[in-house]
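Asks:
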Amino acid sequence: MGKILQALTKPVTVPVAACRRSVAAMTGPLKQHIDIHEKQGEDVCTLVWQEYVHAQRHLVGYRFQKFISECKYIASGEMAIATFEKTDLLLLLRWLTKCLALFLAFTLVGRRSIYPPLEPHSPFLEEAVANWPVTHVDAAFGRIPAETVYYLKEIRATEPTK
1 MGKILQALTK PVTVPVAACR RSVAAMTGPL KQHIDIHEKQ GEDVCTLVWQ EYVHAQRHLV
61 GYRFQKFISE CKYIASGEMA IATFEKTDLL LLLRWLTKCL ALFLAFTLVG RRSIYPPLEP
121 HSPFLEEAVA NWPVTHVDAA FGRIPAETVY YLKEIRATEP TK
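Everything in the sequence shown is counted per UniProt numbering, starting at 1 for the first residue and increasing by one.
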């Protein structure tokens, strides 16, 4: 049983041991930073992640301005096809990727759901309506279109009461 357990835990324990060895061999400000947080009993990874999110939050304005300037550059027509190079192609692809990412992010935020929109006669929606209150369906799937609400009310009206 010991060999099986060792084989199952090895993919996890080997990287952890390697990290411990590399942290023990560290010197300088990073090692001091890690030691201070370990003495205080804090999780360094969580704190680093919080610092990263905090820094990214401050960069949102700059990134938005940079995105607007890139949109203006592309719309201005300065990027002629005759002088189109690999760097221009990369800039254009980066810009299109940013547009797609922003569209998807704002679509998900606007719908308040990660799930795709459901058709009014979807069997998944019918099952959810049969087992969930309408308010929970609305919370789970985002804003429901008017025709779907009408369809849900029809289903509820024709259901035999229990």
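Glycine included, C-beta positions come from ideal geometry on N, C-alpha and C.
#1: What residues in its chain sit with their C-beta under 7 Å from that of Lys-98, if we drop five residues either side in the sequence?
#2: Could you tell me whether the Cβ atoms of Val-48 and Ile-34 are closer together than 7 Å?
#3: Taking all protein chains shown into account, decide if Tyr-52 is buried (16 or more other Cβ within 10 angstroms of its Cβ) or exposed.
#4: What's the C-alpha gap between Lys-3 and Tyr-62?
#5: Out of curiosity, what's the CA-to-CA distance linking Thr-158 and Pro-116?
Replies: Taking the geometry as given:
#1: Phe-67
#2: no
#3: exposed
#4: 54 Å
#5: 27 Å
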